[in-house]
Each structure stands twice: as structure tokens, then as C-alpha cells.
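Numbering (this note's numbering), first residue to last: 3 to 159.
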């Protein structure tokens with residue numbers, strides 16, 4: 003990958019990260035309240051509610067950087083389509099789970115999201131943008147943990 007960074011590249015990096023962060027913020031606003039979380043019977047290892055926005059902020063930043071790196075490498079249209087799809091799936095999980103109380107449907111969404119991110123990692127590795135792939139691994143691990151939490155709340159509630 004070319005190590006020189008133009009002003010245009012910096013602008014695209016900022017827009018990539020800001021776009022991902024905005025998706026997360028708007029998704030969070032779609033849920034009437036996250037007050038439901040402490041009232042749920044949660045599985046072991048459930049983190050405190052305050053941890054979620056911290057983790058998601060970090061993950062959205064990593065997503066944006068990964069997107070930017072793939073953009074700099076070249077235009078792999080499949081990666082960009084999957085990136086948009088994963089943002090959509092990510093966006094709708096919060097209202098599915100919290101606003102509408104469809105925990106099982108939220109789990110289906112989460113499994114689809116996991117598959118899309120897994121494929122994105124594979125594409126980034128095949129395109130020899132390994133750092134872009136590595137930046138998505140914490141996201142995939144968090145989605146795995148989120149699936150555990152989602153399944154646990156379905157079983158316990």
C-alpha cells in the first residue's frame with residue numbers, strides 16, 4: 003500500500019470514521035431507552051451497560067479505518083457492498099432488540115451480520131490488505147460475544 007497520504011485521503015478517512023460513528027449514534031437514538039438492559043435477566047459475563055457505548059465507539063472507529071484502507075487499496079466493489087450491508091444490519095439490531103423487543107429476530111440479524119463481517123475479513127485478506135482485515139477482528143469477536151448475550155437473554159427471559 004502506498005504510504006503517502008494526500009489531503010483527499012485524510013478527508014476520506016475522516017468521513018469513513020465519522021460515517022460509521024453516525025450510524026451507531028443514530029441506531030442508539032432509535033431505541034426509546036436502553037433502560038430495559040438492567041431489567042433483563044442476563045447471562046453470566048454480561049458487562050455493565052456503560053461499557054457498550056465505549057466498545058462500540060472503538061469498533062466504529064476501527065470499521066471506518068478498515069473501510070478507508072480498502073478504499074486506498076482499490077475498489078473492491080463486493081467489499082463496499084458488504085460494508086454497507088453490515089452497517090445496515092448493525093443499525094437495525096438496536097431497534098429490533100430494544101425498541102420492538104424482538105430478541106429472536108435481533109439474533110437472526112446478528113448471525114447475518116457476523117457472516118457478512120467474516121466474509122469482509124476474508125476479502126480484505128485476499129486483497130492483501132491484511133491490516134484492514136485485522137481491524138475487523140475485534141468487531142467479529144464482539145459480535146460473537148453479543149450473540150452469546152442475545153441467546154442468553156432469550157433463554158433467561
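All residues carry an ideal CB built from backbone N, CA and C; glycine is no exception.
State yes or no: is the C-beta of residue i within less than 7 Å of the C-beta of residue j?
| i | j | result |
| --- | --- | --- |
| residue 65 | residue 131 | no |
| residue 81 | residue 12 | no |
| residue 92 | residue 129 | no |
| residue 19 | residue 60 | no |
| residue 97 | residue 32 | yes |
| residue 168 | residue 119 | Residue 168 is absent from the model: the chain starts at 3 and stops at 159. |
| residue 108 | residue 95 | yes |
| residue 49 | residue 154 | no |
State the Cα-Cα distance for the pair residue i and residue j, rounded to the nearest angstrom.
| i | j | result |
| --- | --- | --- |
| residue 43 | residue 22 | 30 Å |
| residue 103 | residue 41 | 13 Å |
| residue 58 | residue 26 | 8 Å |
| residue 106 | residue 156 | 7 Å |
| residue 10 | residue 67 | 15 Å |
| residue 28 | residue 47 | 27 Å |
| residue 135 | residue 83 | 16 Å |
| residue 8 | residue 133 | 20 Å |
Report all residues from its chain with a CB closer than 7 Å to the CB of residue i; omit the five preceding and five following residues, and keep chain order.
| i | result |
| --- | --- |
| residue 173 | As shown, the chain starts at 3 and ends at 159. That puts residue 173 outside it, with no answer to give. |
Leaving out five residues before and five after residue i in sequence, what residues of the same chain have Cβ atoms less than 8 Å from its Cβ?
| i | result |
| --- | --- |
| residue 55 | 30 |
Three or more beta-carbon pairs under 8 Å between the stretch 140-150 and the stretch 105-112, yes or no? Contact annotation: the stretch 140-150 touches the stretch 105-112, with at least three C-beta pairs closer than 8 Å.
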